[in-house]
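Asker: Just so we're aligned, residue 61 is where the sequence shown starts under my numbering, counting upward by one. Every residue, glycine too, gets a C-beta built ideally from N, C-alpha and C.
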Amino acid sequence: MASRPRHRAATGARDGSRQRRLPLRFLLPALVLVALMAMLMLRGYVHSEILADHRVRPAAASDRVPEDVLTGGPVIDARSGRPTTLSVPDHRLVLTFDDGPDPVWTPKVLDVLKKHDAHAVFFVTGTMASRYPDLVERMVDEGHEIGLHTFNHPDLSYQSKQRIDWELSQNQLAISGAAGIRTSLFRPPYSSFSAAMDNESWPVTEYIGSRGYITVVNNTDSEDWRKPGVDEIIRRATPKGGDGAIVLMHDSGGDRHQTVQALDRFLPDLKARGYAFQNLTEALDAPSAHTRVTGLDLWKGQAWIFLVQASEHITDGLVVGLAIIGSLVIGRFVLMLLLSGWHARRVRRRGFRWGPPVTEPVSVLVPAYNEAKCIENTVRSLTASEHPIEVLVIDDGSSDGTARIVEAMGLPNVRVIRQLNAGKPAALNRGLANARYDIVVMMDGDTVFEPATVRELVQPFGDPRVGAVAGNAKVGNRDTLIGAWQHIEYVMGFNLDRRMYDVLRCMPTIPGAVGAFRRSALERIGGMSDDTLAEDTDVTMALHRDGWKVVYAENARAWTEAPETVQQLWSQRYRWSYGTMQAIWKHRRALVERGPSGRFGRVGLPLVSLFMVLAPLLAPLIDVFLLYGLVFGPTGKTIAAWLGVLAIQAFCAAYAFRLDRERMTHLISLPLQQILYRQLMYVVLLQSWITALTGGRLRWQKLRRTGVVEAPGGPVPTRQAISNDDRRPVG
Numbered sequence: 061m062a063s064r065p066r067h068r069a070a071t072g073a074r075d076g077s078r079q080r081r082l083p084l085r086f087l088l089p090a091l092v093l094v095a096l097m098a099m100l101m102l103r104g105y106v107h108s109e110i111l112a113d114h115r116v117r118p119a120a121a122s123d124r125v126p127e128d129v130l131t132g133g134p135v136i137d138a139r140s141g142r143p144t145t146l147s148v149p150d151h152r153l154v155l156t157f158d159d160g161p162d163p164v165w166t167p168k169v170l171d172v173l174k175k176h177d178a179h180a181v182f183f184v185t186g187t188m189a190s191r192y193p194d195l196v197e198r199m200v201d202e203g204h205e206i207g208l209h210t211f212n213h214p215d216l217s218y219q220s221k222q223r224i225d226w227e228l229s230q231n232q233l234a235i236s237g238a239a240g241i242r243t244s245l246f247r248p249p250y251s252s253f254s255a256a257m258d259n260e261s262w263p264v265t266e267y268i269g270s271r272g273y274i275t276v277v278n279n280t281d282s283e284d285w286r287k288p289g290v291d292e293i294i295r296r297a298t299p300k301g302g303d304g305a306i307v308l309m310h311d312s313g314g315d316r317h318q319t320v321q322a323l324d325r326f327l328p329d330l331k332a333r334g335y336a337f338q339n340l341t342e343a344l345d346a347p348s349a350h351t352r353v354t355g356l357d358l359w360k361g362q363a364w365i366f367l368v369q370a371s372e373h374i375t376d377g378l379v380v381g382l383a384i385i386g387s388l389v390i391g392r393f394v395l396m397l398l399l400s401g402w403h404a405r406r407v408r409r410r411g412f413r414w415g416p417p418v419t420e421p422v423s424v425l426v427p428a429y430n431e432a433k434c435i436e437n438t439v440r441s442l443t444a445s446e447h448p449i450e451v452l453v454i455d456d457g458s459s460d461g462t463a464r465i466v467e468a469m470g471l472p473n474v475r476v477i478r479q480l481n482a483g484k485p486a487a488l489n490r491g492l493a494n495a496r497y498d499i500v501v502m503m504d505g506d507t508v509f510e511p512a513t514v515r516e517l518v519q520p521f522g523d524p525r526v527g528a529v530a531g532n533a534k535v536g537n538r539d540t541l542i543g544a545w546q547h548i549e550y551v552m553g554f555n556l557d558r559r560m561y562d563v564l565r566c567m568p569t570i571p572g573a574v575g576a577f578r579r580s581a582l583e584r585i586g587g588m589s590d591d592t593l594a595e596d597t598d599v600t601m602a603l604h605r606d607g608w609k610v611v612y613a614e615n616a617r618a619w620t621e622a623p624e625t626v627q628q629l630w631s632q633r634y635r636w637s638y639g640t641m642q643a644i645w646k647h648r649r650a651l652v653e654r655g656p657s658g659r660f661g662r663v664g665l666p667l668v669s670l671f672m673v674l675a676p677l678l679a680p681l682i683d684v685f686l687l688y689g690l691v692f693g694p695t696g697k698t699i700a701a702w703l704g705v706l707a708i709q710a711f712c713a714a715y716a717f718r719l720d721r722e723r724m725t726h727l728i729s730l731p732l733q734q735i736l737y738r739q740l741m742y743v744v745l746l747q748s749w750i751t752a753l754t755g756g757r758l759r760w761q762k763l764r765r766t767g768v769v770e771a772p773g774g775p776v777p778t779r780q781a782i783s784n785d786d787r788r789p790v791g
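Quick look at the structure:
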């Protein structure tokens, strides 16, 4: 006997270890977010937003620089440990272009060089070569030479040997991936003439030589970066007396139209004077500086280019997504503010009536499955109704005695209908078949009504065109942080949305917690359907397509028990999100139909798809870019933009709370809700998309109830006060 508990305990431990594994529904979205952040980090690196060092060292003494270097040519070869310098022979010009390739100006420079049959040397940075590999490949294909100009363009005199090696290797990696070559030419950032070499830059040149590179500076500076004018660029780039020269120009770093125009005049003019425009090794009659890369090094380079290009495209897509979500958020808020205000003024004006007062009795359907902790509060709240009603509690195969609790109450006009477990739509249809009256109110078994709720809910049926009415669902258990977040969501999102959709005549959902239907309208569309997991959304869309008006009754308040844990909230919203997608897909033909169905399809379906599916799916981009901007800048603008979005949301939330006459104190948690809640909704929607795309099906997920919700000022339940232990679900 003693061994069995130990065996069960061991099994439980193993089960617990399995349960502690991160579920796929969390793992996959987390991996997507990590991948997006990795792509943003990579983009930040290749755009010099990460590891960039913009310090430039001032000139220093040069007493430790060899005299032969200070007075020698612009090509410095320190590979053997004994530095030598070379100069370009007379009437040979080596044009060099720094800081590229640039997507705008480098192609123009290449076009001019090709037009005049001239070769040059392009000292490219790794950041630009990684982003524009096709231009590096074109340079090589057209006979130009490539030189390294570091990856991030730092002043190497400030850097360690490890950082120098990193700059060189990453620069080579980019060139290898872009053009399939390695190069032995190097030009330090911020370099000048050989005579300008000093005690800080010379050790770097020596180290570069020990790594197998030839350092190339210049002896003729066009100073085109100053934009002094085309004539001045030509004058400064022209050597004196037929001397050979290495000419410094730029094909990146800003507007280079003067450089391009100067080249187009400079090349033919000096060619006519006997100059040849060659790359460096051609001018020196030396072997090419390029070496073909094969095997693993080539694959690594190509993989690097692929990742950088992917990060560029993904980031561009994220920026587009951010623009979309920004437009959706602002557009939705503007619509909600304008239309909800118009709705409130219309229904609150003196003398407003839907039609003749509705006084006839109605049937209230309460589908219940294992609602033992809630059902007594629910039924007692109905018995206090100011409107004549009958109550039908449809017990859908409960195993916790829900039906017995209602029967034991012995209340008049309350009937219990039992059925085998068949789901909520079947329970509602069963209740509909047994209802005595023409107007049917539906509510959840965990919800309580105020005494005036039913009366307010059925008054719109005075208009014979109204087929369904949505009530005002309130969160009853708002004393926890997650409850307060849902309270904000219900007031700000759901109820402002319903006012907006009411005005636009395309309300997508009658809430299951508090809704009323004209019985004849339900019968015309075949009753409640179990085709989707969001039967309330499904039936509402069907009513629109059948030509019925669906309206919102703001004073028909119902208090419902919201999920109290993240897991329960996830389960509920997963079902809602997936069910909404199912309903949109089911009613997709409304997009091309005529009449009321077509109107709903071309107005309601796009709005629901944008505001309830696409916007929450893209909303985490706001936080992704917030994090990126905080880390890599511009920090001030990023914070200002995020606070601007939050201010708009806070204004809308405050307006919604004012319309619903709610206390503003709950809005204290709004900033935290906007950060954390978006991530949860992102996980939910992403998992719903995956389920939909893979053809999976969800089952109904029963939330755990505590029975703590009561309507303000409502009846005091006769059952014993609920203890902490009672907050566990019924077994």
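Compute the distance between the beta-carbons of residue 173 and residue 198, then report whether it is under 8 Å.
Answerer: Numbered from 1 along the sequence shown, position 113 holds the residue referred to as residue 173. Numbered from 1 along the sequence shown, position 138 holds the residue referred to as residue 198. Contact flag unset, no.
Asker: Between residue 164 and residue 311, what straight-line distance do the alpha-carbon atoms span, to the nearest angstrom?
Answerer: Taking the sequence shown and counting its residues from 1, the one referred to as residue 164 is at position 104. Taking the sequence shown and counting its residues from 1, the one referred to as residue 311 is at position 251. Computed Cα separation, rounded: 9 Å.
Asker: For a minimum of 3 consecutive residues, which ranges assigned as the beta strand (DSSP E) are wholly contained in the region 293 to 361?
Answerer: The qualifying runs are 305 to 310 and 350 to 352.
Asker: In whole angstroms, what is the alpha-carbon distance linking residue 484 and residue 498?
Answerer: Here residue 484 is taken as the residue at index 424 of the sequence shown, counted from 1. Here residue 498 is taken as the residue at index 438 of the sequence shown, counted from 1. Each residue's Cα considered, the two are about 21 Å apart.
Asker: Tell me whether the beta-carbon of residue 237 lies closer than 8 Å to the beta-carbon of residue 364.
Answerer: Taking the sequence shown and counting its residues from 1, one reaches residue 237 at position 177. Taking the sequence shown and counting its residues from 1, one reaches residue 364 at position 304. Closer than 8 Å, so yes.
Asker: Going along the chain, which residues of its own chain have a beta-carbon closer than 6 Å to the beta-carbon of residue 354, five neighbours each way excluded?
Answerer: In the sequence shown, the residue the question calls residue 354 occupies position 294. None.
Asker: DSSP on residue 281, reduced to helix/strand/coil?
Answerer: Counted from its first residue, the sequence shown places residue 281 at position 221. Reduced to three states, the DSSP call for residue 281 is strand.
Asker: DSSP beta-bridge partners for residue 145?
Answerer: Position 85 of the sequence shown, counted from the start, is the residue given in the question as residue 145. Bridge partners of residue 145: 136.
Asker: Using the rule of at least 16 other Cβ atoms within 10 Å of the residue's Cβ for burial, across every protein chain shown, is residue 732 buried or exposed?
Answerer: In the sequence shown, the residue the question calls residue 732 occupies position 672. Result: exposed.
Asker: So residue 390 and residue 436 are supposed to be a Cβ contact under 8 Å. How far apart are they, rounded?
Answerer: As a working mapping, residue 390 is identified with position 330 in the sequence shown. As a working mapping, residue 436 is identified with position 376 in the sequence shown. So it is not a contact: roughly 46 Å between Cβ atoms.
Asker: Only counting the same chain, and skipping five residues up and downstream in sequence, which positions put a Cβ closer than 8 Å to that of residue 210?
Answerer: Within the sequence shown, residue 210 is the residue found at index 150, counting from 1. Excluding sequence neighbours, residue 210 sits near 185, 186, 216, 227, 228, 231, 248 and 249.
Asker: Between which residues of its own chain and residue 653 is the CB-CB distance below 7 Å, once the five residues before and five after are set aside?
Answerer: Here residue 653 corresponds to residue number 593 of the sequence shown, with the count starting at 1. Closer than 7 Å at Cβ, skipping near neighbours: 661.
Asker: Using the C-alpha atoms, what's the distance from residue 699 back to residue 504?
Answerer: Position 444 of the sequence shown, counted from the first residue, corresponds to residue 504. Position 639 of the sequence shown, counted from the first residue, corresponds to residue 699. Roughly 42 Å between the two C-alpha positions.
Asker: For chain D, find out if any of its Cβ atoms is closer than 8 Å to the Cβ of residue 659; answer yes or no.
Answerer: The question asks about chain D, but that chain is absent: this structure has only one protein chain.
Asker: Please list the segments of the alpha helix (DSSP H) lying wholly inside the region 617 to 665, counting only runs of 4 or more residues, in order along the chain.
Answerer: Qualifying alpha helix (DSSP H) stretches, in chain order: 626 to 646.
Asker: Anyone know if the C-beta pair for residue 829 and residue 254 falls short of 8 Å?
Answerer: Because the chain in this structure spans residues 61 to 791, residue 829 falls outside the shown range and cannot be described.
Asker: Using C-beta distances below 7 Å, list every residue in its chain close to residue 791, excluding the 5 sequence neighbours before and after it, in chain order.
Answerer: One-based indexing of the sequence shown puts residue 791 at position 731. The predicted model places residue 791 with a pLDDT of 30, which falls under 50 and marks its position as unreliable; any figure quoted below should be read in that light. Closer than 7 Å at the Cβ level, and outside the excluded window around residue 791, lies no residue.
Asker: Helix or strand or just coil, what does DSSP make of residue 761?
Answerer: Along the sequence shown, one-based indexing puts residue 761 at 701. With a pLDDT of 49 at residue 761, under the threshold of 50, the modelled position of that residue is not reliable, and the figure given next carries that caveat. It is coil, neither helix nor strand.
Asker: According to the neighbour-count rule (16 or more other Cβ atoms, all chains shown, within 10 Å of its Cβ), is residue 431 buried or exposed?
Answerer: As a first step, residue 431 must be located in the sequence shown, where it is residue number 371. Under this definition residue 431 is a buried residue.
Asker: Span of the beta strand (DSSP E) holding residue 465?
Answerer: The residue you call residue 465 lines up with position 405 of the sequence shown. From DSSP, residue 465 is part of no beta strand (DSSP E) but of the alpha helix (DSSP H) over 462 to 469.
Asker: In whole angstroms, give me the CA-to-CA distance for residue 292 and residue 710.
Answerer: Position 232 of the sequence shown, counted from the start, is the residue given in the question as residue 292. Position 650 of the sequence shown, counted from the start, is the residue given in the question as residue 710. C-alpha separation (whole angstroms): 58 Å.
Asker: Quick one: using the 10 Å Cβ neighbour count with 16 as the cut-off for buried, is residue 480 buried or exposed?
Answerer: If you number the sequence shown from 1, residue 480 lands on position 420. Residue 480 is exposed by the Cβ-count criterion.
Asker: Sort 177, 212 and 178 by Cα distance to residue 191 and report the nearest one.
Answerer: Along the sequence shown, read from residue 1 onward, the residue named residue 191 stands at position 131. Selected option, being the one with the closest Cα: 212.
Asker: Spell out the partners DSSP gives residue 275 in its beta bridges.
Answerer: Here residue 275 refers to the residue found at position 215 of the sequence shown. DSSP output for residue 275 lists 136 and 246 as bridge partner(s).
Asker: Is the beta carbon of residue 122 sitting closer than 8 Å to the one on residue 259?
Answerer: What you label residue 122 is simply residue 62 of the sequence shown in a count that begins at 1. What you label residue 259 is simply residue 199 of the sequence shown in a count that begins at 1. Yes, the pair counts as a contact, with Cβ atoms nearer than the cut-off.
Asker: What are the partner residues of residue 183, as DSSP defines its beta bridges?
Answerer: For the purposes of this step, residue 183 is taken as residue 123 along the sequence shown, with counting starting at 1. Beta-bridge pairing links residue 183 to 158 and 207.
Asker: Hey, how far is the Cα of residue 146 from the Cα of residue 304?
Answerer: Locating residue 146 in the sequence shown gives position 86, counting from the first residue. Locating residue 304 in the sequence shown gives position 244, counting from the first residue. Spanning the two alpha carbons is a distance of roughly 11 Å.
Asker: Using a Cβ-Cβ cut-off of 6 Å (strictly less than) and excluding sequence neighbours within five positions of residue 512, which residues of its own chain qualify?
Answerer: Mapped onto the sequence shown, residue 512 falls at position 452. Here the set comprises 446.
Asker: How about residue 371 and residue 102: are their beta carbons less than 8 Å apart?
Answerer: For this step, residue 371 is matched to residue 311 along the sequence shown. For this step, residue 102 is matched to residue 42 along the sequence shown. Yes, they are a contact pair.
Asker: Thinking just about the alpha-carbon of each residue, which of 717, 350 and 333 is nearest to the one in residue 341?
Answerer: The sequence position of residue 341 within the sequence shown is 281, counting from 1. The shortest Cα separation from residue 341 among 717, 350 and 333 belongs to 350.
Asker: Excluding five sequence neighbours on each side, which residues of the same chain lie with their C-beta closer than 6 Å to the C-beta of residue 219?
Answerer: As a first step, residue 219 must be located in the sequence shown, where it is residue number 159. Excluding residues within five positions, none has a Cβ falling inside 6 Å.
Asker: Nearest CA to the CA of residue 189: which residue from 180, 224, 460 and 241?
Answerer: Counting from one through the sequence shown, the residue named residue 189 turns up at place 129. If we check each option's Cα against that of residue 189, 241 comes out closest.
Asker: Taking DSSP as the reference, what is the three-state secondary structure of residue 116?
Answerer: Indexing the sequence shown from 1 puts residue 116 at position 56. Three-state DSSP puts residue 116 in coil, outside helix and strand.
Asker: Return yes when the Cβ of residue 634 is within less than 8 Å of the Cβ of residue 734, no when it is not.
Answerer: One-based indexing of the sequence shown puts residue 734 at position 674. One-based indexing of the sequence shown puts residue 634 at position 574. Contact flag unset, no.
Asker: Grab me the residues of residue 643's own chain with a C-beta within less than 7 Å of its C-beta, minus the 5 sequence neighbours each way, in chain order.
Answerer: Taking the first residue of the sequence shown as 1, we reach residue 643 at position 583. For residue 643, where only same-chain residues beyond five positions count, the Cβ hits under 7 Å are 592, 594, 597, 598 and 601.
Asker: Nearest CA to the CA of residue 496: which residue from 507, 451 and 510?
Answerer: Against the sequence shown, residue 496 aligns to sequence position 436. Ranking 507, 451 and 510 by Cα distance to residue 496 puts 451 first.
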